[in-house]
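J.: Before I ask anything, here is the structure I am working with.
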Amino acid sequence: MKLSAVFLLVFSMMALTSGVRYFHRGRFYWRHFRICPHGWTKINGRCFRYVATPMTWANAEKNCLSMGANLASVHNAYEYRRIQAMIRAGSCSCREAWLGGSDAQQERTWLWSDGSPMRYTNWCRGEPNNAGGTQHCLQMNWSGDKCWDDLWCNHNLPSICVKRFRRR
Ligand SMILES: *[C@@H]1O[C@H](CO)[C@@H](O)[C@H](O)[C@H]1NC(C)=O
Ligand SMILES: [Ca+2]
Ligand SMILES: [Ca+2]
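The sequence shown maps to residues -19 to -1, 1 to 149 in mature numbering (1 follows the signal peptide of the UniProt record, and there is no 0).
Below is the structure:
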């Protein structure tokens, strides 16, 4: 790296807190520091937030959307544990909460509202049971096992939002 490039990098780091500008092979690039906005917790490269106000699944999704997010998808057991731990840290009377899973479009076809494929699941024993033929939304922390259950979407629950890092 040329001395001028080093200087530019250091100067940029001092001047800007959201990233660094650097020069590589004749071009300038911008690299963001991957920091979640205030009030969001970074887990496995994404930003999560607990919303304590109980809402229907659809209103919870709309609320996440208003913050540039979606209801949370969960991709492995580590993420699930971290999401649970994140909430324990906050002050809440937390039990069940909405995640972004739903099979409202087609029975037994579970989709995440953020568009990611549902590979990892943590269903409780006997769930999803589509009770009454009308349960299409995914609640976490169900039962003593704190696993997943399908519930009626019009129930009011707290929720978890997820946000990807902002891109420029
Ligand atoms: C879920 O269960 C865990 C473990 O008991 C708890 O810490 C957390 O507060 C509960 N609620 C949510 C929404 O994760
Ligand atoms: Ca269903
Ligand atoms: Ca169920």
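Built from N, CA and C at the ideal position, the CB exists for glycine as well.
For the alpha helix (DSSP H) that Lys127 lies in, which residues bound it at each end?
T.: If you number the sequence shown from 1, residue 127 lands on position 146. No alpha helix (DSSP H) holds Lys127; DSSP gives it neither H nor E.
J.: Once the 5 residues before and after Ile64 are set aside, which same chain residues still bring their CB inside 8 Å of it?
T.: In the sequence shown, residue 64 corresponds to position 83, counting from 1. Only Ile24, Phe29, Ala53, Val55, Met121 and Ile141 meet the Cβ criterion.
J.: From Arg69, Thr37 and Phe9, pick the residue whose C-alpha is nearest to that of Tyr31; which is it?
T.: The sequence position of residue 31 within the sequence shown is 50, counting from 1. When each option's Cα is compared against that of Tyr31, the closest is Arg69.
J.: Mapping the DSSP letters down to three states, classify Gly96 as helix, strand or coil.
T.: For this step, residue 96 is matched to residue 115 along the sequence shown. Coil at Gly96, not helix or strand.
J.: Taking the C-alpha atoms as reference points, what is the distance between Trp133 and Gly96?
T.: For the purposes of this step, residue 133 is taken as residue 152 along the sequence shown, with counting starting at 1. For the purposes of this step, residue 96 is taken as residue 115 along the sequence shown, with counting starting at 1. Computed Cα separation, rounded: 21 Å.
J.: On the DSSP letters alone, give me the boundaries of the alpha helix (DSSP H) that Cys45 sits inside.
T.: In the sequence shown, the residue the question calls residue 45 occupies position 64. Start and end: Trp38 to Ser47.
J.: Taking the beta carbon of Arg89 as the centre, do at least 16 other beta carbons fall within 10 Å, making it buried, or is it exposed?
T.: Counted from its first residue, the sequence shown places residue 89 at position 108. Classification of Arg89: exposed, given that the 10 Å Cβ count is below 16.
J.: Just to confirm before moving on: does the CB-CB distance between Lys144 and Trp38 stay below 8 Å?
T.: Against the sequence shown, residue 144 aligns to sequence position 163. Against the sequence shown, residue 38 aligns to sequence position 57. For Lys144 and Trp38, no; Cβs fall outside 8 Å.
J.: Quick check on the burial criterion: 16 or more other C-beta atoms within 10 angstroms. Buried or exposed for Asn51?
T.: Locating residue 51 in the sequence shown gives position 70, where the first residue counts as 1. The residue is buried, with at least 16 neighbouring Cβ atoms inside 10 Å.
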